[in-house]
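Note sheet for the following structure.
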Amino acid sequence: MITVTLDALDLSALLCSRVCHDVISPVGAIVNGLEVLEDEDDAGMRDFAIDLIRKSAKQASARLQFARIAFGAAGSAGATIDLADAESVARGLFGDEKTKLAWTAPRALFPKNQVKLLLNLVVIATTTIPRGGLITVEVSGEGEAPTFVLTSQGSHARIPAHVEALIAGTPESGSVDAHGVQPYYAGLVARAAGMRVGFVLDGDTVTIRAEPAQA
């Protein structure tokens, strides 16, 4: 397999496309709710619109806060991120109650790339249980040599097609699009953090394990 390397402009453009895709739905719902408020006099419809705006704004904010750490610089010049902040933004993604998150990690500062990898693996874990279920995140070890274990349990659990090749940087198509950029980016971050990622499917359970590459 040939390793695919994106230049900085292509990578940034694809990541921007991914973030826009994640927030366009709740932002669109906010616009729809505002239009209802402008046009409707019915009290019930206005209450519905206000509730839609409230929920959609919360969802958009949660997705942007997540992206700020998972894909961005987290607004800080520092080289570490608090795992408590990572847990907070991760929990913000699970507002539909279809998927639950259990998080076990020390309250500690970890190197930025390790935390970014962990959050990107949370995104991938959600794709392994399309009908919802439980995602358990466990972080062990010190910041210099941590181990991340994410377990997804749910009906019809599966390892998404091409995700392992994308993380390895060797997509079968020989290219990366906006749909595949997130696991591809997770692989870039894993290598920058000196970690390797593996997947195991056992019945209705998918386990994602990230550990130091030299382990």
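Numbering (this note's numbering), first residue to last: 14 to 228.
Glycine is no exception: its CB is placed at the ideal position from the N, C-alpha and C atoms.
Since the model is a prediction, treat every value here as computed from it, not as a measurement.
Compare the Cα-Cα distances from residue i to each of the options and report the closest residue.
{"i": "Ala223", "options": "His192, Pro39, Leu163 and Gln195", "result": "Leu163"}
{"i": "Ala103", "options": "Ala118, Asp215 and Leu28", "result": "Ala118"}
{"i": "Asn45", "options": "Ser25, Ser69 and Ala226", "result": "Ser69"}
{"i": "Ser74", "options": "Ala92, Ile43, Ile148 and Leu50", "result": "Ile43"}
{"i": "Ile142", "options": "Ser165, His192 and Asp190", "result": "Ser165"}
{"i": "Ile15", "options": "Glu185, Glu110 and Ala138", "result": "Glu185"}
{"i": "Gly193", "options": "Thr93, Val176 and Val49", "result": "Val176"}
{"i": "Thr18", "options": "Gln227, Tyr197 and Val49", "result": "Tyr197"}
{"i": "Arg81", "options": "Thr139, Val150 and Leu132", "result": "Leu132"}
{"i": "Ala21", "options": "Met208, Leu114, Val136 and Leu201", "result": "Leu201"}
{"i": "Gly85", "options": "Ile172, Gln227, Lys129 and Lys111", "result": "Lys129"}
Can you grab the Cα-Cα spacing for the pair residue i / residue j, in whole Å?
{"i": "Val210", "j": "Arg67", "result": "38 Å"}
{"i": "Cys33", "j": "Leu65", "result": "20 Å"}
{"i": "Val40", "j": "Leu77", "result": "11 Å"}
{"i": "Ala205", "j": "Ala199", "result": "10 Å"}
{"i": "Ser168", "j": "Gly145", "result": "7 Å"}
{"i": "Pro159", "j": "Pro225", "result": "7 Å"}
{"i": "Asp35", "j": "Phe107", "result": "13 Å"}
{"i": "Val213", "j": "Ala26", "result": "31 Å"}
{"i": "Asp23", "j": "Phe161", "result": "29 Å"}
{"i": "Cys29", "j": "Gly105", "result": "20 Å"}
{"i": "Asn126", "j": "Arg59", "result": "45 Å"}
{"i": "Phe61", "j": "Glu48", "result": "12 Å"}
{"i": "Thr139", "j": "Ile148", "result": "8 Å"}
{"i": "Phe79", "j": "Val135", "result": "11 Å"}
{"i": "Leu122", "j": "Thr93", "result": "6 Å"}
Based on DSSP bridge pairs, tell me the residues matched to residue i.
{"i": "Asp95", "result": "Leu122"}
{"i": "Phe212", "result": "Ile221"}
Under a CB-based cut-off of 9 Å, is residue i close to chain D?
{"i": "Glu151", "result": "Any reference to chain D falls outside this structure, which holds one protein chain only."}
Runs of beta strand (DSSP E) lying entirely within the stretch 101-189, each at least 3 residues, in chain order: DSSP assignment within the stretch 101-189 yields the following whole beta strand (DSSP E) runs of 3 residues or more, N-terminal first: 112-117, 122-124, 146-153 and 160-166.
Touch test, the stretch 179-194 against the stretch 147-165, Cβ-Cβ under 8 Å, three pairs minimum: Touching, no.
Sufficient close CB pairs (3 or more, under 8 Å) joining the stretch 202-221 to the stretch 52-66: The stretch 202-221 vs the stretch 52-66: no contact.
Meets three-Cβ-pair contact criterion under 8 Å: the stretch 93-100 and the stretch 189-199: No: the two stretches stay apart, fewer than three of their Cβ pairs being nearer than 8 Å.
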